[in-house]
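Residue numbers (my numbering), protein chains in the order written: chain A, 935 to 1170; chain B, 935 to 1170; chain C, 935 to 1170; chain D, 935 to 1170; chain E, 935 to 1170; chain F, 935 to 1170.
One structure below.
Number of protein chains: 6
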Amino acid sequence: MNITIKISGKFFDQLLYNRNPEDYVTRLRDMIFSLTSEGHRIFLVVGGGEIARNYISIGRKLNLNEFSLDIIGIYASRLNAVLLSYLLNDDTYPLVPTDMEDFLQAFSNKNNKVIVIGGLQPGQSTSGVAALIAESTRSEYLIDCTNVDGIYDKDPSKNNDAKILSSVNVKELEKILSNVQGVNAGTYELIDPLAIKIIKRARIKTFVIHFNDIDKIPFLVRGKLKIGSEILVSSY
Amino acid sequence: MNITIKISGKFFDQLLYNRNPEDYVTRLRDMIFSLTSEGHRIFLVVGGGEIARNYISIGRKLNLNEFSLDIIGIYASRLNAVLLSYLLNDDTYPLVPTDMEDFLQAFSNKNNKVIVIGGLQPGQSTSGVAALIAESTRSEYLIDCTNVDGIYDKDPSKNNDAKILSSVNVKELEKILSNVQGVNAGTYELIDPLAIKIIKRARIKTFVIHFNDIDKIPFLVRGKLKIGSEILVSSY
Amino acid sequence: MNITIKISGKFFDQLLYNRNPEDYVTRLRDMIFSLTSEGHRIFLVVGGGEIARNYISIGRKLNLNEFSLDIIGIYASRLNAVLLSYLLNDDTYPLVPTDMEDFLQAFSNKNNKVIVIGGLQPGQSTSGVAALIAESTRSEYLIDCTNVDGIYDKDPSKNNDAKILSSVNVKELEKILSNVQGVNAGTYELIDPLAIKIIKRARIKTFVIHFNDIDKIPFLVRGKLKIGSEILVSSY
Amino acid sequence: MNITIKISGKFFDQLLYNRNPEDYVTRLRDMIFSLTSEGHRIFLVVGGGEIARNYISIGRKLNLNEFSLDIIGIYASRLNAVLLSYLLNDDTYPLVPTDMEDFLQAFSNKNNKVIVIGGLQPGQSTSGVAALIAESTRSEYLIDCTNVDGIYDKDPSKNNDAKILSSVNVKELEKILSNVQGVNAGTYELIDPLAIKIIKRARIKTFVIHFNDIDKIPFLVRGKLKIGSEILVSSY
Amino acid sequence: MNITIKISGKFFDQLLYNRNPEDYVTRLRDMIFSLTSEGHRIFLVVGGGEIARNYISIGRKLNLNEFSLDIIGIYASRLNAVLLSYLLNDDTYPLVPTDMEDFLQAFSNKNNKVIVIGGLQPGQSTSGVAALIAESTRSEYLIDCTNVDGIYDKDPSKNNDAKILSSVNVKELEKILSNVQGVNAGTYELIDPLAIKIIKRARIKTFVIHFNDIDKIPFLVRGKLKIGSEILVSSY
Amino acid sequence: MNITIKISGKFFDQLLYNRNPEDYVTRLRDMIFSLTSEGHRIFLVVGGGEIARNYISIGRKLNLNEFSLDIIGIYASRLNAVLLSYLLNDDTYPLVPTDMEDFLQAFSNKNNKVIVIGGLQPGQSTSGVAALIAESTRSEYLIDCTNVDGIYDKDPSKNNDAKILSSVNVKELEKILSNVQGVNAGTYELIDPLAIKIIKRARIKTFVIHFNDIDKIPFLVRGKLKIGSEILVSSY
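Have a look at this one:
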């Protein structure tokens, strides 16, 4: 089957500033290998992380418009994507697709067991890209590896009593998000409206997990383990 | 200055099934010429219209997923775009850009006084594309030519007492839209969430008018005439 | 082996305006599957149909030149191509090649058991494209599915006594065509001079059949059934 | 105005094996400069010449099919095109377009006063390309610089009494050509069926002249001089 | 005239970690504007800086080969390039060319007064790219803005008595460089063998200056000021 | 395993002017088939040969700069590449990649057992391209088929007592080359500085052999035969 995994840019911050980047990479490699050796194909969508935030912050200080800042964030995500694609093994597509056509062409080649991609277009986050990739590849799972343990009922950075939800209906999720998201991305990183729309219409089985649990994904997709939060679409 | 004009696919339905397509085209040509001869550049974003709906309906009957249906709609919009680009004069870019990079390359060439574009990516409507084009070109106006006279306070197809709003704050607009829009496009054609997001963040002066009023656009941008509904962003 | 099949745009008119498009698509899908499951690769070249004719007619009324009209027809054929490619199964290339390089790249990937393509360049019909595709892929068969039962000895729309030819030498065919074809395409849809030239020089086994017989193609290529007209090239 | 000039590959044979290539190039440069300095734009379509013939002959000996041989000829023509584009001045587009989209993009940039192009697609000669370029740019003149002084009433290589025609109706031309052309290109180089078709439908003013008369083109387009043969389309 | 300016990645380190990035950008903008307003065209080639070094260092720890590390460095340089292109004004090409063809296409459009580019290909540094850009555009000046004040007679990081050379013959420069450069880039950043080769063969007037002197470039090219080191090519 | 083979343009001169080109091609085909049938993938990098030299010589006479001459040489090498790719069998990629991205995309498709490529960028020879291709594909062998029997200790064209070296350390090779190479390519064709740099850093097993020994490559890579000169990198 096909599996789309979004990896938060914050994963790359850990990779860059951690003493033992090998640990992170080894766990990621092992996870991917475990899945591809069972015949699955994996599509990795990566965010921009701290580098994106630093460059965007410079640009904002200097009065660039949001379109330009989005493009800069996309370039930063591609830097992460190219690093990641080279860290994986030979079955990984050796280029970073820059638009949906590029991606579909790479996808049509079944030799490419793994494809790594960053941002695509201004106005959408990498979670939106991940949902599009999942829909276009008819992925059975979309797994959003982020820097929180799952979806909370309130913004955990502002509410001490915020509780993690082991599953959440997509309609409830929309309500939760409408309370925490602003126009400009960045503060409370979660699924954007495009991602919600695609997950709903394509009824993609979606999990939000912490990227520290990345090595547990094979167990999750085999139904052996339940971590993070599941977004439920069946009942709408 | 730069002006982005979205033209509903329904305009093309008129063009195709009307006895005097010359009238429609002449008015459009005159309007464009009036603006370009004053030194303005015009970016036209066109929808798919009835052809898109027919093809999508066949596809849906045959169980295509929404991603595929969106792609089919994009191809239909490009057919309209290429027709329109050839109907305009020599200062029109002779190709239909298919992604944002293509568009920016065409835009960088100031010989191209007019560029016509259709859809870009699944998951977004042509109104979203139009907002992106307006933001990327720092357009002073975004004019959405649709098949209604403007924005109503309720869905006019279901409410006899729906009233047109000569101006509407973008926050109110979001509320109105949340009551009328479904996940699948088509029934009550208006501005999508991406368009709203871009209009808000880029503070683009936006008007929604009927495409029958397309010849009045030069008066509108000169501030000589007020038609349709204005979306207000200044106060948010 | 490789098989190139041209499908008249009129097939799509049936698909769009017929009550049971499922029937058409099911027969097409079954035929393709029957061939690919035996290891054959299929290249489908599709025409523009009624939509092309409608758009071209608008354009001609408004004095577009033939180059522009050809481009419009090409866009219409690509709309049919993208619909068709999504209606087929997973082994179909998920994009519509727009030039010969694109096609050859898709062709080099043997995962793509089926590739669907529309028009390529002004000045040539999709029957010319089909012959080029057949030659470039060294197809053993070129099958032209059109809206007539085969090649007639005279224009059947003007001659009541026109008779279908079960086989016709390519030289005779040239004579027949020289009597019925005008400069502007459309009235009596058949093989264009480019197609003739390629069929002759590459000695491609070519059949002209009615698209209602599309489900009989597997029997035709297995030599179990003889339908339509065969174009003979061996003796020149 | 726009002027399309086809230059036979044999011009390049002269350039390569002549002691004073400077003479050829100077005359060509002066002619181009004379036209561009009056505000005209020039589109040069070049053939493959002896190099094409040598490579194709090797390929044919080794049983390549005609599609492959055509591609090889196209590459040879592009080698001539790139040489020529560098020999001209700064207003020349610095790349060789490889398909019609490429060309139209280069054409939309009015800085490119001169664009040089070679072959585009198997199955058509560079005279067909030249006619397409002339039609797409609405060129007022198409000038075919070849290695004969004009169009003869019979094949001059076989008929001592062949006479040059100062003008020839396009219908007569078709008859003449049908007597001299074979399926495989090369022996009696003239206008191919695609070129004829485009010249007819677009009613392009077309002259066939000897490439030794290339310096007389400015006088020809100004109506000051009559050389070679004119192809008449007005009366059909 | 055309001027190619290479900007060390270290300039971007300053931009990112400095309290007042506005100062850096304002000086750069003013310098560019001063030159473009006199009709010059400017081609900026930017390096990867600290981000490139950090990503490459992670990759090297994880045993990526040098080809992959070069690609990663190229992506980092493009991130700097896109930031820079947005910080400049409207006459800047809105995309970052990724190969020489892309660049030449952007160059052929004279509207693009400024083009910003990063790395192009593994195995060459951005100083090599800068020399190629200078040669292809027939730039009258190539100015290498680096983090040293000019070219020293010995490696200044190892020799206290290293002296700056106000001018240096290209042959001497080769000798100096052969003593300080290793196979893997990074320690003593200077002109690479490709750059030397191009500077020699195209006889480009080349200066090496500190990027803190970037605002003095207009005076340098007007011959009003002498800073850094000049590389002399005339006498070889 | 992957094997990169550089074929001197002089091989094509033989092919073109020899009475029996079949002999050359048969030996090449057999060699390739022998390797691919054992599961190896072959990347062929071809030079421009006499055609390149003739065109470059015309260009130089007419004062083109070295950048333009390099581009012309690249086009000539692609003409050789396309001929060669068609002469090989069905597992050969049917296009000639024109930049590293193109190549990597073709490489990611494991159906392409053989890929043929010419030059890529001005400022580098095809031996540099071959080294890059070898590094990017992690080729176990780089075999440089040239018109000499191997590497000599001195320039054999000037020194009667020049002796062939059965193996040579890469550092020694650099010394030998520094004595024989000029800035402008052509006289004593050997490995360029880029090739040396890549061979060193990637420690690629490299052999220089005569192209007449091309049929011995399978024995060479199986370790059964020692011909030409080996470049040793292990000890540096």
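Glycine residues also receive a C-beta, built at the ideal position from the N, C-alpha and C atoms.
Residues are counted here when their Cβ sits less than 9 Å from a Cβ of chain A; for the segment 1049-1082 of chain F these are 1070 and 1072, given in chain order.
Our two residues, residue 1134 of chain A and residue 991 of chain B, have alpha carbons roughly 20 Å apart in a direct line. With fewer than three CB-CB distances shorter than 8 Å, the segment 1040-1047 of chain A does not count as touching the segment 1038-1048 of chain B.
Residue state for residue 1059 of chain E is assigned as coil, using DSSP reduced to three classes. The beta carbon of residue 993 of chain E sits closer than 8 Å to those of 1002, 1003 and 1006, all from its chain and outside the five residues before and after it, given in chain order. For residue 966 of chain B, there are no C-beta contacts with chain A under 7 Å, since the nearest C-beta of that chain is about 24 Å from it. DSSP lists D:1080 as the bridge partner or partners of residue 1144 of chain D. Using beta-carbon distances, residue 937 of chain D does not count as an interface residue toward chain C, since no partner is under 8 Å. In the DSSP assignment, residue 1156 of chain E falls outside any alpha helix (DSSP H) and carries neither an H nor an E. Under a criterion of Cβ atoms nearer than 9 Å, no residue of chain A is adjacent to residue 1166 of chain E; the nearest Cβ is some 38 Å distant.
The beta carbon of residue 1097 of chain D lies closer than 7 Å to those of 1086 and 1087 in the same chain, with the five residues before and after it left out. By the criterion of a C-beta distance shorter than 6 Å, residue 1138 of chain F is surrounded in its chain by 1068 and 1076, once the five residues flanking it on both sides are discounted. DSSP places residue 991 of chain D in the uninterrupted alpha helix (DSSP H) bounded by 983-995. Collapsing the DSSP output to three states places residue 953 of chain B in coil. Ranked by how close their Cα comes to the Cα of residue 1037 of chain D, the residues D:1010, D:1060, D:1009 and D:1071 have D:1071 in first place. Residues 961, 962, 965 and 1079 of the same chain have their beta carbon placed closer than 7 Å to that of residue 1148 of chain D, with the five preceding and five following residues left out of the count. DSSP places residue 1086 of chain F in the strand class (E or B) of the three-state scheme. Listed by position along chain C, the residues whose Cβ is nearer than 8 Å to that of residue 1021 of chain F form an empty set, because the closest Cβ is around 15 Å away.
Using beta-carbon distances, residue 1041 of chain D counts as an interface residue toward chain B, with a partner under 8 Å.
Residue 1101 of chain B: not part of any alpha helix (DSSP H); member of the beta strand (DSSP E) spanning 1101-1103, first to last residue. Beta-bridge annotation (DSSP): residue 1048 of chain D is paired with D:976 and D:1026.
Burial state of residue 1154 of chain C is buried, judged by a 10 Å Cβ sphere holding 16 or more other Cβ atoms.
Between the C-alpha atoms of residue 996 of chain F and residue 1055 of chain A there is a straight-line separation of about 46 Å. Across the structure, residue 967 of chain E and residue 1059 of chain D are spaced so that their CA atoms are roughly 48 Å apart. At least one CB of chain B lies nearer than 8 Å to the CB of residue 1001 of chain A. Contact with chain C is found for residue 1044 of chain A, since one of that chain's Cβ atoms lies less than 8 Å from the residue's Cβ.
Under the Cβ distance rule, residue 1012 of chain E counts among the residues neighbouring chain A, one pair being separated by less than 8 Å.
Sequence-distant partners of residue 989 of chain B (beyond 5 residues in either direction) whose C-beta falls short of 7 Å from its own C-beta, in its chain, are 1006 and 1010.
Annotation for residue 1074 of chain B: no beta strand (DSSP E) segment contains it, and DSSP assigns it neither H nor E. Just so you know, the alpha carbons of residue 1145 of chain A and residue 980 of chain A end up roughly 12 Å apart. Between residue 950 of chain E and residue 987 of chain A, the alpha-carbon positions lie close to 11 Å from each other. Closest in alpha carbon position to residue 1022 of chain E, among A:1028, A:1018 and A:998, is A:998.
Listed along chain B, the residues sitting closer than 7 Å to residue 1132 of chain A by beta-carbon distance are 1057. Collapsing the DSSP output to three states places residue 969 of chain B in a helix. The C-beta separation of residue 1159 of chain C from residue 1101 of chain C comes to about 14 Å, leaving the pair out of contact by the 8 Å criterion.
According to the DSSP assignment, residue 1166 of chain E belongs to the beta strand (DSSP E) that extends over 1163-1166.
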